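The block underneath contains the structure these notes are about, expressed in structure tokens.
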Amino acid sequence: MRELISPMAQMLKSREISSVELTEKYISAIEQDNKKYNAYVSTTFEKAIENAKNADDMLSRGEGNLLTGIPMTLKDNICSDGDLTTCASKILTGFRPYYDSTVWSKLKAQGAVMLGKTNMDEFAMGSTSETSYYGAPLNPRNVEHVTGGSSGGGAAAVCANLAPYALGSDTGGSVRQPASFCGIVGLKPTYGAVSRYGLIAYGSSLDQIGVLANSVKDSAIVFDTISGVDENDQTSVDFDFGSIADSLDEMDVKGLKIGIAKEYFEGINDEMKSAILDAVKLFEDNGAEIIDISLPVLKQALPVYYIIACAEASSNLGRYDGIRYGYRPESFNDVEEMILKTRTEGFGDEVKRRIMLGTYVLSSGYYDAYYKKACLLRENLIADFDEIFNTCDVLIAPTAPNTAFPLNFSGASPVDMYLSDIATVPINITGVPAISVPVKNDSNSLPIGMQIIGKKFSEKTIMQCAYFFEKNAETDIEEFKGGVVL
Ligand code: GLN
11 MRELISPMAQ
21 MLKSREISSV
31 ELTEKYISAI
41 EQDNKKYNAY
51 VSTTFEKAIE
61 NAKNADDMLS
71 RGEGNLLTGI
81 PMTLKDNICS
91 DGDLTTCASK
101 ILTGFRPYYD
111 STVWSKLKAQ
121 GAVMLGKTNM
131 DEFAMGSTSE
141 TSYYGAPLNP
151 RNVEHVTGGS
161 SGGGAAAVCA
171 NLAPYALGSD
181 TGGSVRQPAS
191 FCGIVGLKPT
201 YGAVSRYGLI
211 AYGSSLDQIG
221 VLANSVKDSA
231 IVFDTISGVD
241 ENDQTSVDFD
251 FGSIADSLDE
261 MDVKGLKIGI
271 AKEYFEGIND
281 EMKSAILDAV
291 KLFEDNGAEI
301 IDISLPVLKQ
311 ALPVYYIIAC
321 AEASSNLGRY
331 DGIRYGYRPE
341 SFNDVEEMIL
351 KTRTEGFGDE
361 VKRRIMLGTY
371 VLSSGYYDAY
381 YKKACLLREN
391 LIADFDEIFN
401 TCDVLIAPTA
411 PNTAFPLNFS
421 GASPVDMYLS
431 DIATVPINIT
441 GVPAISVPVK
451 NDSNSLPIGM
461 QIIGKKFSEK
471 TIMQCAYFFE
481 KNAETDIEEF
491 KGGVVL
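Quick note, my numbering runs 10 ahead of the 1-based positions in the sequence shown.
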């Protein structure tokens, strides 16, 4: 795939283009194309030009890093001071946080340029981005199909060259699955590797900010900048990753132990299965050792995820009461009615469904039967993954059991949608990192994605594997023509 960030940084450094000029190119591309893809739900163009002027000053003083002066986007659930951040929900209409998320402050300090906020499933609950209050983003590869979700707007923006990279959030697959649907790269870091401060909470023990980009190298450059411990996030971890972007070439595939869990390949069609197994073959041909493993607990991952995620969501979303944030109904008789009307009118159906499911599994009499049991099974999954990583360096699996759904497919049944998260949720439950890389198109010309999964804090290893694959595999997924192409 295409590396964008280093070549752009080179052009900026040599003054072939200024950050203001580059930003203006993206602004006009967004003005022209956003109506086609509905990738952005709000834009911050004035601020972007200010950011870009500041970046040009930094560049002239020789300051910053590879991201200095390069535009990007944040998912609509990542806070930035004074900018609309609505989680694509009516209930957060008009909400402007008064502080920056840690990821954005880190990027801003390096002179990054924010173009706006990208579309998503409401409160990140979904797998198609169709639950957005602003309507679904469309997949640039085929606009009759969804982008995936929930970070669908970011994936569409990166795919359609309306942003060089995007930050998304991944609670159960929301960076990796839209990346795979749009044929780009999606990195979900280890839980705790990137600060969640300023990420609006969905399932706090699962949420993680991740990167959507055009190439593995681009993802590594962004990860190198946003990772690290943060005093504002007590779950963030102090781990020295070194510079991953500079070490992508350093891995020797020879002797690499790749685990293939048969359960991961059950229920996916033959075409996808052989695409992923061919990809694995490339590693094998270069000396990797393939280890067949069994992960029977994988089957339990989906109910465990939907119990824990909904339980945490029901608690996290309790704060939307019409008093402190966003939407409030026009008429009400007392506080109780105001809260009731705010929540009834402000939340969409899927969010309400999850709040109800979560409240149910936490309620007395059901807590032991559902929530507690899910937490115990989570421990089993963590133990099983730990054991696998005693013998395997990485696991390779499909990112999703399917390529991009046609639009409105999610209307069929919520459970069908939940089932489609089977491949991604185990990673969040166990807190390990994974990267989704595009493999090839299916017979409908829709991209198939593959996940490379590692043990906690093995970002370097999984990205090195992904880089090896990207460099050596042949693919028919074309570079997108349109948007900003330099
Ligand atoms: N599709 C999953 C869900 O709806 C994952 C969403 C996410 O990662 N934010 O919960």
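Positions of the beta carbon are idealized from the N, C-alpha and C atoms, including for glycine. In this text the structure is predicted, and so the values were computed from the model without any measurement.
- Task: At 4 residues or longer, and completely inside the segment 344-379: list those alpha helix (DSSP H) runs for me, N to C.
- Result: For the segment 344-379, whole alpha helix (DSSP H) runs of length 4 or above, ordered along the chain, are 345-356 and 359-372.
- Message: My parser needs the beta strand (DSSP E) runs of 3 or more residues fully inside the segment 250-298; what are they?
- Response: Those beta strand (DSSP E) runs which fall completely within the segment 250-298 and span 3+ residues are 267-271.
- Query: Looking at residue 160 and the ligand FMN, is the gap between the Cβ and the nearest heavy atom below 8 Å?
  - Reply: This structure simply doesn't include the ligand FMN; it includes the ligand GLN instead.
- Message: What would DSSP say about residue 164, mapped onto helix, strand or coil?
- Response: Looking at residue 164 - three-state DSSP - the assignment turns out to be helix.
- Starting from residue 383, follow its DSSP beta bridges and name the residues at the other end. DSSP lists no partner for residue 383.
- Item | Inter-stretch contact at 8 Å, needing at least 3 Cβ pairs: the segment 395-414 / the segment 266-277 | Cβ pair count under 8 Å is three or more, so yes.
- Query: Taking the runs of the beta strand (DSSP E) that are 3 residues or longer, which of them lie wholly in the segment 415-477?
  - Reply: Considered as a whole, the segment 415-477 harbours 444-451 and 457-464 as its complete beta strand (DSSP E) runs of no fewer than 3 residues, in chain order.
- For residue 406, write down the residues that DSSP places opposite it in a beta bridge. Partner(s): 462.
- Query: Is the number of C-beta pairs between the segment 53-60 and the segment 98-108 that are closer than 8 Å three or more?
  - Reply: The segment 53-60 is not in contact with the segment 98-108.
- Quick one, are the C-beta atoms of residue 318 and residue 215 less than 9 Å apart? Between residue 318 and residue 215, the C-beta gap is smaller than 9 Å, which places the two residues in contact.
- Task: Mark residue 277 as exposed unless 16 or more other C-beta atoms lie within 10 angstroms of its C-beta, in which case mark it buried.
- Result: Its Cβ having fewer than 16 others within 10 Å, residue 277 is exposed.
- Query: Along the chain, which unbroken stretches of the alpha helix (DSSP H) at least 4 residues long are found entirely within the segment 126-203?
  - Reply: Counting whole runs of 4 or more residues, the segment 126-203 contains the alpha helix (DSSP H) stretches 162-169 and 186-192.
- Message: If I measure Cβ to Cβ from residue 452 and keep anything under 6 Å in the same chain, skipping five residues before and after, which residues do I get?
- Response: Excluding positions up to five away in sequence, the list reads 281, 413 and 458.
- residue 339 - containing beta strand (DSSP E), residue span: Premise fails: residue 339 is in no beta strand (DSSP E) and is neither H nor E.
- For residue 300, which three-state DSSP category applies? In the structure shown, residue 300 sits in a strand (DSSP, three-state: E or B).
- Write down the C-beta distance between residue 160 and residue 134 rounded to the nearest angstrom, noting that I regard them as a contact closer than 8 Å. The Cβ separation is near 4 Å, so the contact holds.
- Task: Determine the burial state of residue 329: buried for a count of at least 16 other Cβ atoms within 10 Å of its Cβ, exposed for fewer.
- Result: Residue 329 comes out exposed.
- In the DSSP assignment, find the unbroken beta strand (DSSP E) run with residue 69 in it and report its ends. In the DSSP assignment, residue 69 falls outside any beta strand (DSSP E) and lies within the alpha helix (DSSP H) extending over 55-70.
- Query: Can you tell me whether residue 473 is buried or exposed, with buried defined as 16 or more other CB within 10 angstroms of its CB?
  - Reply: Counting of Cβ neighbours within 10 angstroms places residue 473 among the buried residues, the total reaching 16 or more.
- Message: In the DSSP output, what is residue 220 paired with across the bridge?
- Response: Residue 220 is bridged to 178.
- Item | For residue 252 and residue 430, the rounded distance between their alpha carbons | Roughly 35 Å between the two C-alpha positions.
- Message: Out of 24, 210 and 233, which one is the CA nearest neighbour of residue 86?
- Response: Put simply, of 24, 210 and 233 the residue whose alpha carbon is nearest the alpha carbon of residue 86 is 210.
- Taking Cβ positions, are residue 139 and residue 129 nearer each other than 9 Å? Yes, these two residues count as a Cβ contact at 9 Å.
- Item | Bridge-paired residues (DSSP) for residue 85 | In the DSSP output, where bridge partners are listed per residue, residue 85 has 128.
- Would you mind reading off the limits of the alpha helix (DSSP H) that contains residue 116? In the DSSP annotation of this structure, the continuous segment of the alpha helix (DSSP H) that includes residue 116 starts and ends at 112-119.
- Item | 9 Å Cβ cutoff met for residue 5 and residue 229 | The chain is shown only over 11 to 496; residue 5 falls outside these bounds and no answer can be derived.
- Spatially closest choice to residue 428 from 256, 45, 411 and 456, by CA coordinates: Of the candidates 256, 45, 411 and 456, 411 places its Cα closest to the Cα of residue 428.
- Query: Should residue 443 and residue 203 be called a contact, given that it needs their Cβ atoms to be closer than 9 Å?
  - Reply: Taking 9 Å as the Cβ cut-off, residue 443 and residue 203 qualify as a contacting pair.
- Query: How long is the line joining the alpha carbons of residue 6 and residue 374, rounded to whole angstroms?
  - Reply: Outside the shown range of the chain (11 to 496) lies residue 6, about which nothing can therefore be said.
- Task: Rounded to whole angstroms, what's the CA-CA distance from residue 440 to residue 383? Just pull it up for me.
- Result: Each residue's alpha carbon lies about 16 Å from the other.
- Cβ contact (3+ pairs, closer than 8 Å) linking the segment 164-172 and the segment 217-229: As far as the Cβ criterion goes, the segment 164-172 touches the segment 217-229, which means the pair count is three or higher.
- Task: Would you give the residue range spanned by the alpha helix (DSSP H) that residue 312 belongs to?
- Result: 308-326 is the extent of the alpha helix (DSSP H) around residue 312.
- Tell me residue 36's beta-bridge partners as DSSP assigns them. In the DSSP secondary-structure assignment, residue 36 is not bridged to any residue.
- Since residue 230 is in the alpha helix (DSSP H), which residue starts that stretch and which ends it? Unbroken alpha helix (DSSP H) run through residue 230: 226-236.
- Query: Taking DSSP as the reference, what is the three-state secondary structure of residue 51?
  - Reply: Strand, per DSSP.
- Item | Residues of its chain near residue 490, where Cβ-Cβ distance is below 7 Å and the 5 sequence neighbours each way are ignored | Correct list, in chain order: 150, 169, 170 and 171.
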